[in-house]
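To start, the structure under review is shown below, and the notes come after it.
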Amino acid sequence: MPVADIARLADHVGQLVAIKGWVHHLRSSGKVRFMVVRDGTGLVQGVLVKGQLPEADFAAFDRLTIESSLTLKGKVRAEARAPGGYELEVTRVEPLNLAQDYPISPKEHGVAFLMDHRHLWLRSPRQQAILRVRDEVCRACRDFFHDRGFILVDTPILTPTACEGTTSLFETDYLDRGKAYLSQSGQLYLEAAAMALGRVYCFGPTFRAEKSKTRRHLTEFWMVEAEAAFYTLEDVMELAEGLVSYVVSQVLARHRRELETLERDLAPLEAVVPPFPRISYGEAIARLQEMGNDMAWGEDFGGDEETVISQAFDRPVMVHRYPRSCKAFYMEADPEAPELALCVDMLAPEGYGEIIGGSQRVADLETLLARLEEHHLPREPLEWYLDLRRFGSVPHSGFGLGIERLVAWLCGLKHVREAIPFPRLLDRLYP
Ligand code: 4AD
Ligand code: MG
Numbered sequence: 096m097p098v099a100d101i102a103r104l105a106d107h108v109g110q111l112v113a114i115k116g117w118v119h120h121l122r123s124s125g126k127v128r129f130m131v132v133r134d135g136t137g138l139v140q141g142v143l144v145k146g147q148l149p150e151a152d153f154a155a156f157d158r159l160t161i162e163s164s165l166t167l168k169g170k171v172r173a174e175a176r177a178p179g180g181y182e183l184e185v186t187r188v189e190p191l192n193l194a195q196d197y198p199i200s201p202k203e204h205g206v207a208f209l210m211d212h213r214h215l216w217l218r219s220p221r222q223q224a225i226l227r228v229r230d231e232v233c234r235a236c237r238d239f240f241h242d243r244g245f246i247l248v249d250t251p252i253l254t255p256t257a258c259e260g261t262t263s264l265f266e267t268d269y270l271d272r273g274k275a276y277l278s279q280s281g282q283l284y285l286e287a288a289a290m291a292l293g294r295v296y297c298f299g300p301t302f303r304a305e306k307s308k309t310r311r312h313l314t315e316f317w318m319v320e321a322e323a324a325f326y327t328l329e330d331v332m333e334l335a336e337g338l339v340s341y342v343v344s345q346v347l348a349r350h351r352r353e354l355e356t357l358e359r360d361l362a363p364l365e366a367v368v369p370p371f372p373r374i375s376y377g378e379a380i381a382r383l384q385e386m387g388n389d390m391a392w393g394e395d396f397g398g399d400e401e402t403v404i405s406q407a408f409d410r411p412v413m414v415h416r417y418p419r420s421c422k423a424f425y426m427e428a429d430p431e432a433p434e435l436a437l438c439v440d441m442l443a444p445e446g447y448g449e450i451i452g453g454s455q456r457v458a459d460l461e462t463l464l465a466r467l468e469e470h471h472l473p474r475e476p477l478e479w480y481l482d483l484r485r486f487g488s489v490p491h492s493g494f495g496l497g498i499e500r501l502v503a504w505l506c507g508l509k510h511v512r513e514a515i516p517f518p519r520l521l522d523r524l525y526p
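For the sequence shown, the numbering used here gives the first residue as 96, with consecutive numbering after it.
Put into structure tokens, the structure is as follows:
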């Protein structure tokens, strides 16, 4: 007897199949028993009619509990009224493990309770839908870069220095060589790889000891970063816009069912087609001030400002040329206005805010040396990075996209903590 995926029952109509999974729901009515079973690919209802299966198997139903594991055998029948469109006329019930009292019920639970039971919460239809969308987002990112000739280069997680500023570094002892830090970004290494391969990307976990307790901050998150030799800020904006619209189109094309489970309004996602609006930091400040926000020129935007700016557009907006004073040391100055950085943040609509940060990088050795000093960064552990400016330096640019922020937006989540299987937050390291 073939073992069938619930999602593929259409291929087995009229056949006897085995389904291996877990009990989702149980119901009795007279001489008939119903059980909804899930196997990770979908849900199907099994119907047990007394007399049509061994008495012991029929009796086994009464011992089953929610989340018990089992093998269910039966004949597949098309049933338009059943969720998924198919039903199983059950001929055998083979329990594997009878679950204890399952702590998560369809009733409302508090977030802290659900987070403490994250390892079980993942089984709920909503969380499964989010994980599927996340899988699609990661696949689409890889395909996008691969199709454009970008080479995947894995960058290290244990590093000797900061990339994005020293305040949010996780520190660890590195054997007898002193301190090491968990990577905040693969960018600096990716720049080296871009000088070897031209167009490169990396995709991995990054770590920030963020003291911020917001709906947008994790201490461990996944970032896909691209870097390309000879790319300017303009090139990298076009690349970022291409990536995001491609990922959105893939999720829309392949995951309607999940977006439905999540009750996601599709209209705002369907609007995500290039070109995305581009506004300068200066224009953004002027808009904010018009709307009564007293943000002064020179400060970086916080979550509130990003929300206000992004709500003014129906698709992601790219804010470029922030003051250099509020951005990282490696950003190239705008030759037209040296107080500005050739950088861009992409803000997602519907109030989601920053999902991408990128820039053109300083290409000149003397300028970079001066920057390290301004930012009080040690030169010695970055000598290798300085070498990139000594041996055939070229203009180059790149960006990083936060996977959880993108997934949270696409799924319409209130908080990034649901966009990653096991979130690491300021106040959470369990489970
Ligand atoms: O803007 P960030 O800090 O940029 C960089 O790290 C650059 N080195 C990237 C590059 O140019 N190669 O981070 C990039 C993105 C943000 O736009 C955001 O989406 C996400 O990473 N991000 C976070 N996501 C969740 N939790 C946090 N604490 C995050 N910090 C940044
Ligand atoms: Mg940023």
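Glycine included, each C-beta is placed from N, C-alpha and C at the ideal position.
- Cβ-Cβ distances below 8 Å link GLN406 to PRO444, GLU445 and GLY446 in the same chain, with the five nearest sequence neighbours on each side left out; the list follows chain order.
- With a 10 Å radius around the Cβ and a threshold of 16 neighbouring Cβ atoms, THR262 comes out exposed.
- Across the structure, ALA458 and GLY452 are spaced so that their CA atoms are roughly 19 Å apart.
- DSSP places ASP268 in the uninterrupted beta strand (DSSP E) bounded by 266 to 268.
- The three-state reading of DSSP puts LEU481 in helix, counting H, G and I together.
- Annotation: the region 222 to 304 contains the following complete segments of the beta strand (DSSP E) (minimum length 3 residues), in chain order: 266 to 268, 274 to 277 and 294 to 302.
- One thing to note: MET318 has its Cβ within 7 Å of the Cβ of GLY497.
- For GLU266, same chain residues with a beta-carbon under 7 Å away, outside a window of 5 residues either side, are LYS274 and TYR276 in chain order.
- Between the alpha carbons of ALA289 and ASN388 lies a gap of roughly 40 Å.
- Close CB contacts of ARG484 within its chain, under the 7 Å cut and outside five residues either way in sequence, are with ALA458, ASP459, LEU460 and LEU463 (chain order).
- A contact between stretches requires three or more CB pairs, one per stretch, nearer than 8 Å, and the region 348 to 367 meets this requirement with the region 499 to 508.
- Where LEU467 is concerned, the enclosing alpha helix (DSSP H) starts and stops at 460 to 469.
- The three-state secondary structure of SER123, taken from DSSP, is strand.
- In terms of Cα proximity to ARG218, the closest of TRP117, VAL342 and MET441 is TRP117.
- Taking 6 Å as the cut-off, the C-beta of GLY452 counts as close to a heavy atom of ligand 2.
- Put simply, the region 466 to 486 does not touch the region 428 to 437. Fewer than three CB pairs are less than 8 Å apart.
- Remark: the C-beta of ARG500 is in contact range of ligand 1, defined as less than 6 Å to any heavy atom.
- The beta carbon of MET426 sits closer than 6 Å to those of ALA436, CYS438 and SER454, all from its chain and outside the five residues before and after it, given in chain order.
- With a threshold of 6 Å, the Cβ atom of GLN406 does not count as near ligand 1, since no heavy atom of the ligand is closer than that.
- For the pair GLY495 and GLU320, the CB atoms are nearer than the 7 Å cut-off.
- For GLU355, the enclosing alpha helix (DSSP H) starts and ends at 351 to 356.
- Under the rule that a run must span 4 or more residues, the alpha helix (DSSP H) segments found entirely inside the region 158 to 223 read 206 to 211 and 213 to 216.
- The three-state secondary structure of ASP389, taken from DSSP, is coil.
- Fewer than three Cβ pairs drawn from the region 210 to 230 and the region 173 to 180 lie within less than 8 Å of each other, which leaves the two stretches out of contact.
- The three-state secondary structure of GLU394, taken from DSSP, is coil.
- Nearest to ILE246 by C-alpha distance, out of LEU292, PRO369, MET413 and PRO518, is LEU292.
- Annotation: ASP395 to LYS422 spans about 8 Å, alpha carbon to alpha carbon.
- Relative to ligand 1, GLY497 has its C-beta within less than 6 Å of a heavy atom.
- ALA428 and GLY377 have their C-alpha atoms roughly 15 Å apart.
- Where GLU315 is concerned, the enclosing beta strand (DSSP E) starts and stops at 315 to 324.
- Counting only runs of 3 or more residues that sit fully inside the region 398 to 473, the beta strand (DSSP E) segments are 412 to 415, 432 to 436, 438 to 443 and 448 to 455, in chain order.
- The Cβ neighbour count for TYR525, taken over all protein chains shown within 10 Å, is under 16; the residue is labelled exposed.
- The three-state secondary structure of LEU496, taken from DSSP, is strand.
- For LEU364, the enclosing alpha helix (DSSP H) stretches over residues 362 to 365.
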